[in-house]
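In the UniProt record's numbering, the protein residues as written are 1 to 240. Just so it is clear, CB atoms sit at the ideal spot from N, CA and C, and this is done for glycine as well. Let me begin by presenting the structure, written as C-alpha cells, before commenting on it.
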Amino acid sequence: MILLISDLHLEEQRPDISRAFLHFLKTRASQAEALYILGDFFEAWIGDDAISPFQRSIAQALRQLSDSGTRIYLMHGNRDFLLGQAFCREAGCSLLSDPSLVELDGERVLLMHGDSLCTQDEAYMRLRRWLRHPFTLFVLRHLPLTARQKLARKLRQESRTQTSMKASEIVDVTPAEVPRVMAAHGVHTLIHGHTHRPATHRLQVGGQAARRIVLGDWDKQGWALQIDGPDWQLAPFPLG
C-alpha cells in the first residue's frame, strides 16, 4: 500500500490537524510501504535552523514511522520551500524535487506540488521564480531569524489578500499546462496538491486517456490517496 497526502499546513494553532496527522502515522501510514507528502506540509518554514519544539515533535513522529520500515518522501510546497536536508535527516525522509517521476504500482507517475501549473496567476509565478532562484534561497537562508520571521508573516498576509481578490480560475491550474507538462514527462498520470480542490480529472495526452489526481487539503477533514495494487482511492476522512 502507498499513501499520498498534501497541504496539511501544520501549525501549533491547529492542534486538531496535528493530532489527526499523528494518528494517521500510527494507523494507516504504519501499514504502508511508502508515504508521499506533496508540499505545504507546514504552514510556514523559515529554515531548518529555526525549527520549533512543535515542528521537532512532527519530525520525531516521522522518524518513528521511517524506522518502522515505511519510506517517507517529502516535496516542497509554496509555504515550506525552505525545508532542507537537515530536517529530512532528522525526520528520516527523502526530499523530492518538484516535479518528480516515480513508479507507483508499475506505472510511471508525475508528482508535483501543483503551484507551478497555475500559470495564469502571473504575479504569483513571478514571485515564485524570484523566491526559488538559487541566489534568493542563499540570501534567505542567511538572513537573521527575526528578518525571516517578519518576511514570512508579510508573504503569508499578502498571499491571503491576493488570493481572496483573484478569480477562481486564476488560482487554479491552467488547463492547457497540464497536458503539456504530462506530455513533456511522458506520463499519463499526474498527482498534485496546492489547489485544495480534490478530484480525479480525465483528459487526453498524446491522443491517449490520462488522469490528473488532485489531493485535498487538511482543514475540515483529511484527504489521502491510497494505492493498493490496481485499486486507487482518493477519499476524505474525519479529523476527529
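Would you report the Cα separation of residue i and residue j, rounded to the nearest angstrom?
i	j	result
Gln31	Ser66	12 Å
Ile51	Leu131	20 Å
Pro40	Glu107	Pro is not the amino acid found at residue 40; the sequence shown has Asp there. Looking at the two C-alpha atoms, the distance is approximately 25 Å.
Arg89	Gly186	32 Å
His188	Arg79	28 Å
His201	Thr146	43 Å
Asp98	Ala209	24 Å
Glu12	Phe81	19 Å
His25	Leu62	Looking at the sequence itself, residue 25 is Leu, so the reference to His does not match. Each residue's Cα considered, the two are about 8 Å apart.
Gly222	Arg129	30 Å
Pro144	Lys150	10 Å
Thr119	Val102	24 Å
Lys220	Gly206	38 Å
Would you grab the beta carbon distance between residue i and residue j for me? Rounded to a whole angstrom, and I think it's under 8 Å.
i	j	result
Pro238	Gly216	Not quite, the Cβ-Cβ distance comes to about 13 Å (not below 8 Å), so this is no contact.
Leu38	His192	6 Å
Excluding the 5 residues preceding and the 5 following residue i in the sequence, name in chain order all residues of the same chain whose CB lies nearer than 8 Å to its CB.
i	result
Met165	With a pLDDT of 48 at Met165, under the threshold of 50, the modelled position of this residue cannot be trusted; read the value that follows with caution. So no residue of the chain qualifies.
residue 247	Residue numbering for the chain in the displayed model covers 1 to 240; residue 247 lies beyond these limits and cannot be assessed.
Glu122	none
Ala29	Leu3, Leu35, Leu65 and Thr70
Along the chain, where does the beta strand (DSSP E) that runs through residue i open and close?
i	result
His23	Taken as a continuous stretch (DSSP letters only), His23 belongs to no beta strand (DSSP E), being part of the alpha helix (DSSP H) at Pro15 to Lys26.
Pro236	Asp231 to Phe237
Ser100	Ser100 to Leu104
Ala210	Gln208 to Val214
Glu107	Glu107 to Leu111
Val173	Per DSSP, Val173 belongs to no beta strand (DSSP E) and is neither H nor E.
Using the beta-carbon count (16 or more within 10 Å), is residue i buried or exposed?
i	result
residue 242	No answer is possible for residue 242: the residues shown for the chain start at 1 and end at 240.
Arg126	exposed
Ile227	buried
Ala152	buried
Pro236	exposed
His133	exposed
Leu225	buried
Ala20	buried
Asp172	buried
For residue i, which residues from the same chain have a beta carbon less than 6 Å from its beta carbon, with the 5 sequence-adjacent residues on both sides left out?
i	result
Leu95	Leu74 and Cys88
Asp115	Asn78 and His194
Can you name the start and end residues of the alpha helix (DSSP H) that residue i belongs to?
i	result
Trp130	Glu122 to Arg132
Gln31	That residue, Gln31, is in no alpha helix (DSSP H); it is neither H nor E in DSSP.
Ala183	Glu177 to His185
Ser66	Pro53 to Asp67
Gln85	Gln85 to Ala91
Only counting the same chain, and skipping five residues up and downstream in sequence, which positions put a Cβ closer than 7 Å to that of residue i?
i	result
Asp16	Leu239
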